[in-house]
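Student: Quick one: structure below, then a few questions.
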Amino acid sequence: MEIEELLIDVKEQQLAVVAVNTHVNNMPLIFIHGVLASVNFWKSVIPNEILDSHPWYSVSLPGHYPSTLPQGFSPTDIDEDWMADVYEAAIEKLIGDKDYILVGHSTGGFAALNLGARQPEKLKGIVSIAGFYNGDWGGIEGMLVKIASWGRWAKPLFVANLALGRSLRGLQETLSSLLAHDRVAYKNSPRTQKMLSDIQENIQAQTLSHLFPLFNRISTFDIRHKLSNIQLPVWLFVGTHDPVIHAQQSLVLADAIPNAETIIFEDTGHMPFMEKAAEFNSQFLLAISHINQDPTEPSEVLHAV
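In terms of the numbering used here, the sequence shown is residues 932 to 1236.
Have a look at this one:
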């Protein structure tokens, strides 16, 4: 794989991008990670059949190292339209007028669906992995969102929690396993150690206060009223026991998005890449192939077991 690390200027900030195989003649994939990960998340969790055969771009969430925020940036600068503006501009800057597929995990899944509601002409399909339509979260990430939502006075407490979480590699592994339902499968997956190693440098270099604005605003996000605007193919990867994204959210997404395929991973939490690696691989390959074929009709709900 040919790998480039970029910083692109978008809306007065710099977004980090990992650009891979940019000269390969296939439909580009744009990946957006979750709030506790980094641009280096995807290399270890997506099947090599995809990563080796497509041009792909991992685009950072705002404020995630090595991305930068503009001076004086505050949580009130962030809303759903701002997020859509950021990724629409970033993608145009990266690939111009090429058709593309958007893949997101958790907050990245939200960002993908949020942009999809604008119906960009060149966006041909979305894979949302544990994505959501509003920021009502549970679990350890929900706790961080709750703390951040208390406002500026809670910022030191928010930063202290993140600092503790990244202080020891063993503690990182334990805390990240709380995102899973099948924690044994998560801990035993080779992908877990590889992913944690891949993002480690970014995590340790992160200015933790730069994450506060996004965490502060997540609880205000709500795009339920926009979901019916998403007319392109969408694949929803859903764990039945996701501790972060409540099952009701996934039901709403499946019902409200006209061309949604819902892939249900039984006894799985927020990290199907590791908890159900073989099933995830096969369904992800199917999703990308299906979108590449430009389907116009949704199929029945599928269950991955």
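Built from N, CA and C at the ideal position, the CB exists for glycine as well. The structure displayed is predicted, hence computed values, not measured ones.
What does a CB cutoff of less than 6 Å around leucine 1088 pick up in its chain, not counting 5 residues either side in sequence?
Tutor: Taking the first residue of the sequence shown as position 1, residue 1088 is located at position 157. Result list for leucine 1088: Ile1078, in chain order.
Student: Using CA coordinates, which residue listed in Ala1021, Met1014 and Pro1189 is at the minimum distance from alanine 947?
Tutor: Within the sequence shown, residue 947 is the residue found at index 16, counting from 1. Closest option to alanine 947, Cα to Cα, is Ala1021.
Student: May I have the straight-line CA-CA distance separating isoleucine 1032 from serine 998, to the nearest angstrom?
Tutor: Reading the sequence shown from its first residue, position 101 is the one you call residue 1032. Reading the sequence shown from its first residue, position 67 is the one you call residue 998. Rounded to the nearest angstrom, the two C-alpha atoms are 23 Å apart.
Student: Quick one: grab the DSSP three-state call for aspartate 1067.
Tutor: Position 136 of the sequence shown holds residue 1067. In the structure shown, aspartate 1067 sits in coil (DSSP, three-state: anything other than H, G, I, E or B).
Student: State the CB to CB distance for the pair asparagine 956 and tryptophan 987, rounded to an integer number of angstroms; the pair is presumed to be in contact (CB under 8 Å).
Tutor: Numbered from 1 along the sequence shown, position 25 holds the residue referred to as residue 956. Numbered from 1 along the sequence shown, position 56 holds the residue referred to as residue 987. No, asparagine 956 and tryptophan 987 are not in contact; Cβ-Cβ is about 13 Å, not under 8 Å.
Student: Comparing alpha-carbon positions, which option in Gly1027, Gly1200 and Glu1192 lies nearest isoleucine 1222?
Tutor: Position 291 of the sequence shown holds residue 1222. Here the closest residue by C-alpha is Glu1192.
Student: Figure out for me which residue from Leu1217, Gly1073 and Ile1188 has the closest Cα to the Cα of leucine 1044.
Tutor: Residue numbering aside, residue 1044 sits at position 113 when the sequence shown is read from its first letter. Closest by alpha carbon: Ile1188.
Student: What do you get for proline 1001, buried or exposed, if any count of 16 or more other CB atoms within 10 angstroms of its CB means buried?
Tutor: Counting from one through the sequence shown, the residue named residue 1001 turns up at place 70. Exposed.
Student: Any idea which residues DSSP pairs glutamine 944 with across the strands?
Tutor: By 1-based counting over the sequence shown, the position of residue 944 is 13. Glutamine 944 pairs with Val941.
Student: Are the beta-carbon atoms belonging to serine 1108 and lysine 1118 less than 7 Å from one another?
Tutor: By 1-based counting over the sequence shown, the position of residue 1108 is 177. By 1-based counting over the sequence shown, the position of residue 1118 is 187. Yes, Cβ-Cβ distance for serine 1108 and lysine 1118 is below 7 Å.
Student: Do three or more CB pairs link the region 1125 to 1134 to the region 1150 to 1162 at distances below 8 Å?
Tutor: As far as the Cβ criterion goes, the region 1125 to 1134 does not touch the region 1150 to 1162, which means the pair count is below three.
Student: What separation, rounded to the nearest whole angstrom, lies between the Cα atoms of tyrosine 1018 and glutamate 1210?
Tutor: Numbered from its first residue, the sequence shown carries residue 1018 at position 87. Numbered from its first residue, the sequence shown carries residue 1210 at position 279. Approximately 29 Å between the Cα atoms of the pair.
Student: Tell me, which residues are paired with glycine 1035 by DSSP?
Tutor: As a working mapping, residue 1035 is identified with position 104 in the sequence shown. The partner list for glycine 1035 (beta bridge, DSSP) reads Ile963 and Ser1059.
Student: Run through DSSP, which three-state label would isoleucine 934 get?
Tutor: By one-based count along the sequence shown, residue 934 stands at place 3. In the structure shown, isoleucine 934 sits in a strand (DSSP, three-state: E or B).
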